[in-house]
Amino acid sequence: MLLLERGPRFRDHEFTGRELEMAPLLYADSGGFLSADGTMTLAFARCYGGSTVVYTGTSLTAPERVIRAWGVPDLEHADLVTRSRRYLGENNVHLLPPEELNDNNRLFALGARKAGYAVEQFPVNVKGCQGSSLCNLGCPNQAKQGTNRVQLPAAERGGVEVVTRAEVLRIDPDRSLAVRVSPTAGAIGLPSEWAPGDYRVEAHVVICAAGTLGTNPLLLRSPLPLPRSLGRGFTCHPALIIVALHPQPITNDVGHPKSFYVDRGAEEGFVLETCMYFPFTTAKALAGFGPLHSAVMRAYQRQQQILVLSTDRADDRNRIGVDRDGGPVVHYRFAPDVVAKLTRGNRAAARICFAAGATHVHAPFADPPLIGARDAGRIDELIAARHWKPGKQSITSAHLMGGCRMGRSAADSVTDSWGRVHGVPWLRVADASLFPDALEINPYLTIMALADRVAEGVRAEVATLSG
Amino acid sequence: MLASIRPVLRAIGVTVVPEAAQLDEPQWVALEEIVRGALVSRPRALQRQFVLLVRAIQWLAALRYGRPFTALDPQRRERFLSQLQNAPVLILRRGIWGLRTLLLMGYYGREAGGRAIGYRADPRGWKARS
Numbered sequence: 033m034l035l036l037e038r039g040p041r042f043r044d045h046e047f048t049g050r051e052l053e054m055a056p057l058l059y060a061d062s063g064g065f066l067s068a069d070g071t072m073t074l075a076f077a078r079c080y081g082g083s084t085v086v087y088t089g090t091s092l093t094a095p096e097r098v099i100r101a102w103g104v105p106d107l108e109h110a111d112l113v114t115r116s117r118r119y120l121g122e123n124n125v126h127l128l129p130p131e132e133l134n135d136n137n138r139l140f141a142l143g144a145r146k147a148g149y150a151v152e153q154f155p156v157n158v159k160g161c162q163g164s165s166l167c168n169l170g171c172p173n174q175a176k177q178g179t180n181r182v183q184l185p186a187a188e189r190g191g192v193e194v195v196t197r198a199e200v201l202r203i204d205p206d207r208s209l210a211v212r213v214s215p216t217a218g219a220i221g222l223p224s225e226w227a228p229g230d231y232r233v234e235a236h237v238v239i240c241a242a243g244t245l246g247t248n249p250l251l252l253r254s255p256l257p258l259p260r261s262l263g264r265g266f267t268c269h270p271a272l273i274i275v276a277l278h279p280q281p282i283t284n285d286v287g288h289p290k291s292f293y294v295d296r297g298a299e300e301g302f303v304l305e306t307c308m309y310f311p312f313t314t315a316k317a318l319a320g321f322g323p324l325h326s327a328v329m330r331a332y333q334r335q336q337q338i339l340v341l342s343t344d345r346a347d348d349r350n351r352i353g354v355d356r357d358g359g360p361v362v363h364y365r366f367a368p369d370v371v372a373k374l375t376r377g378n379r380a381a382a383r384i385c386f387a388a389g390a391t392h393v394h395a396p397f398a399d400p401p402l403i404g405a406r407d408a409g410r411i412d413e414l415i416a417a418r419h420w421k422p423g424k425q426s427i428t429s430a431h432l433m434g435g436c437r438m439g440r441s442a443a444d445s446v447t448d449s450w451g452r453v454h455g456v457p458w459l460r461v462a463d464a465s466l467f468p469d470a471l472e473i474n475p476y477l478t479i480m481a482l483a484d485r486v487a488e489g490v491r492a493e494v495a496t497l498s499g
Numbered sequence: 009m010l011a012s013i014r015p016v017l018r019a020i021g022v023t024v025v026p027e028a029a030q031l032d033e034p035q036w037v038a039l040e041e042i043v044r045g046a047l048v049s050r051p052r053a054l055q056r057q058f059v060l061l062v063r064a065i066q067w068l069a070a071l072r073y074g075r076p077f078t079a080l081d082p083q084r085r086e087r088f089l090s091q092l093q094n095a096p097v098l099i100l101r102r103g104i105w106g107l108r109t110l111l112l113m114g115y116y117g118r119e120a121g122g123r124a125i126g127y128r129a130d131p132r133g134w135k136a137r138s
């Protein structure tokens, strides 16, 4: 078994936690990959361990109602729960004890309860967390139990050959892969296990698990008889950040950044999560510029931050394509219901912050964006969809899903519920590309559960496929 | 790449982050190096658009106020950029968003920029606070 990873493998000491140093190393386009019309940035990692290196380790099992609504034949929620349970154990998923929670998280829980929302604590997959708050830049203490710490090392111990800095350019119909191994650029990261150059790899079975913006472009540039819906139905939980100011400094840039959430996905189409971003990311997330923007930034030590995610619906017009060089291009149009969900999420987050004692809330869907506590009763009036203009406010996404949706046949999907590509039985997909619609929660555990299912299918058929 | 637009870029920088007016020459160079570094990793067409936008701001201001952007007072500079940020044309809005984002990266991406706002995250986490 050979595993080809486009990104490099980093040494433990290379995770410095410095924002501008780590972002270009870990993320495509430093985390600022733009959608085709430039109205949304998409964050996805390129390194050994992929985006599990840069997530916060929040480990939620897929909601039953979502899997039922997906309507994928032969895919049962119970099956995903069973498989997820395995990874909950393997990755040391647990709730952090109260003494490890910072003020930013405590205030969210307090405010949410006061404002009448059901708040839940995130189970997270950390072991020996020091509370650096630097999860999104790769844990500098190797506490987060991502695939780079758990599954990949185990696979290597079991005999899987891993080659980093190896980009698969194309999959050909004869089951061979055109692979380019890049030389080390700079002194950071280990060199590839193979010498730089072009290779052709022959395989019995090919499994694409390159993430939504890796797998879809790879298949699109491969000369294979693939279903026409390839690349379509992209969803991404478009998100924005609410920043509130408290009268006194709070602990926010120390401690695990994401401990609580409010799930209003079923009722109102949004999910609120605690978050705390680094100086530039915070500055980018705030609306506008100038003295007001600066004043909010200067109050960094008093900031409470909430991530507002909307549950977008799969739409064939939202799709992944490729540019002239074969790189990903994301065509995404903000549907009116996504804007409405973000507006409701803005309002709910503002209510929570004021209930927690904030003096001001910076809401991107208000104009001007800074709302004082005396106007807390006018939130519905002040935060409104009419203030949103594509390309003006920062909308981001880190949950990239779809393009190879599971379904019944090539007429309605790209793969079956075991990740088999319709019409190309030796080709499988095992990542979030499989999702036929948004998952409405943080997706990594469901991705692993589906990948586990794909692996089981391959094991069952490998003898036939090898013949 | 930035040399030809430096005075305008700095005038826009001070409008985006007023505290940038306090930067000395080495600090400006550090900020611009971050902006340049972010741009060179992007397609050439985007780099050209960036330079074009900065030049356009300088001369669109002259059309609007009879003086180029660099000759405007801080209030007018801010008002003018806000108008562009709210322009009915998407390409202008996203251009201003991109420009201000790069300048924010240049200012707050510097270690000194983080320190100035009290950012204290440390790989040692809680231990660094005790």
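Sequence order for the protein chains is A and B.
If you use the numbering used here, the first sequence corresponds to residues 33 to 499, in order.
If you use the numbering used here, the second sequence corresponds to residues 9 to 138, in order.
Think of the CB as a built atom: it goes at the ideal place given N, C-alpha and C, for glycine as much as any other residue.
Give a yes or no on whether 7 Å exceeds the smallest Cβ distance from residue 285/A to chain B. yes
For residue 24/B, return the contacting residues in chain A, with the cut-off set at a CB-CB distance below 8 Å. 321, 322, 325
I want to see whether chain A comes within less than 7 Å of residue 139/B, judged by CB atoms only; does it? No statement about residue 139/B is possible, as the shown extent of chain B runs from 9 to 138 and does not include it.
Please give the ranges of any beta strand (DSSP E) in the segment 299 to 360 of chain A, keeping only runs that are unbroken, at least 3 residues long and fully inside the region. 302 to 306, 335 to 342, 351 to 354
How far does the alpha helix (DSSP H) with residue 51/A in it reach, from first residue to last? 51 to 58
What do you reckon, are the CB atoms on residue 236/A and residue 497/A nearer than 7 Å? yes
Leaving out five residues on either side along the sequence, give the residues of the same chain with a beta carbon under 6 Å from the beta carbon of residue 292/A. 137, 140, 141, 151, 153, 306
Please give the ranges of any beta strand (DSSP E) in the segment 86 to 130 of chain A, keeping only runs that are unbroken, at least 3 residues long and fully inside the region. none
Minimum C-alpha distance to residue 361/A - residue among 346/A, 353/A, 368/A: 353/A
Nearest candidate by alpha-carbon position, reference residue 166/A, set 413/A, 255/A, 50/A, 430/A: 50/A
Excluding sequence positions up to five away, which residues of its chain have a Cβ less than 6 Å from the Cβ of residue 39/A? 78, 79
Measure how close the beta-carbons of residue 244/A and residue 464/A come, nearest whole angstrom, since I'm counting them as under 8 Å. 5 Å
Output yes if chain A places a C-beta closer than 7 Å to the C-beta of residue 20/B; else output no. no
Residues of its chain near residue 19/B, where Cβ-Cβ distance is below 7 Å and the 5 sequence neighbours each way are ignored: 77, 78, 85
Which residues in chain B have a C-beta closer than 7 Å to the C-beta of residue 76/A? List them in chain order. Those do not exist, as residue 76/A stays about 16 Å from chain B at its closest Cβ, beyond 7 Å.
Excluding the five sequence neighbours on either side, which residues of its own chain have a C-beta within less than 8 Å of the C-beta of residue 112/B, listed in chain order? 24, 25
Using a Cβ-Cβ distance under 7 Å, would residue 165/A count as near chain B? yes
Does the beta-carbon distance from residue 381/A to residue 274/A come in below 7 Å? yes
For the segment 350 to 375 of chain A, which residues have a beta carbon sitting closer than 7 Å to at least one beta carbon of chain B? none
Just to confirm before moving on: does the CB-CB distance between residue 70/A and residue 266/A stay below 7 Å? no
Residue 74/B CB to nearest chain A CB: under 7 Å? no
Need the endpoints of the beta strand (DSSP E) that residue 271/A sits in, please. 271 to 277
Compute the distance between the beta-carbons of residue 288/A and residue 436/A, then report whether it is under 7 Å. no
Using a Cβ-Cβ distance cut-off of 7 Å, determine whether residue 6/B contacts chain A. This structure cannot speak to residue 6/B, because chain B is shown only from 9 to 138.
With a threshold of 16 other CB atoms inside 10 Å of the CB of residue 373/A, please say whether the residue is buried or exposed. buried
Thinking C-beta only, is residue 109/A closer than 7 Å to residue 269/A? no
Flag residue 59/A as yes if its beta-carbon sits less than 7 Å from any beta-carbon of chain B, otherwise no. no
Under a three-way DSSP split, which group does residue 365/A fall into? coil
Just to make sure I have the definition right: I need the residues of chain A whose C-beta is within less than 9 Å of the C-beta of residue 80/B. Which are they? Residues of chain A passing the Cβ test: none, with the nearest at roughly 14 Å.
Cβ pair residue 371/A, residue 327/A closer than 7 Å: no
Which residues share a DSSP beta bridge with residue 230/A? 212/A
Determine whether the beta carbon atoms of residue 423/A and residue 102/B lie at a separation below 7 Å. yes
Excluding the 5 residues preceding and the 5 following residue 348/A in the sequence, name in chain order all residues of the same chain whose CB lies nearer than 8 Å to its CB. 261, 264, 265
Hey, which unbroken runs of the alpha helix (DSSP H) at 4 residues or more fall wholly within the segment 145 to 225 of chain A? 183 to 189
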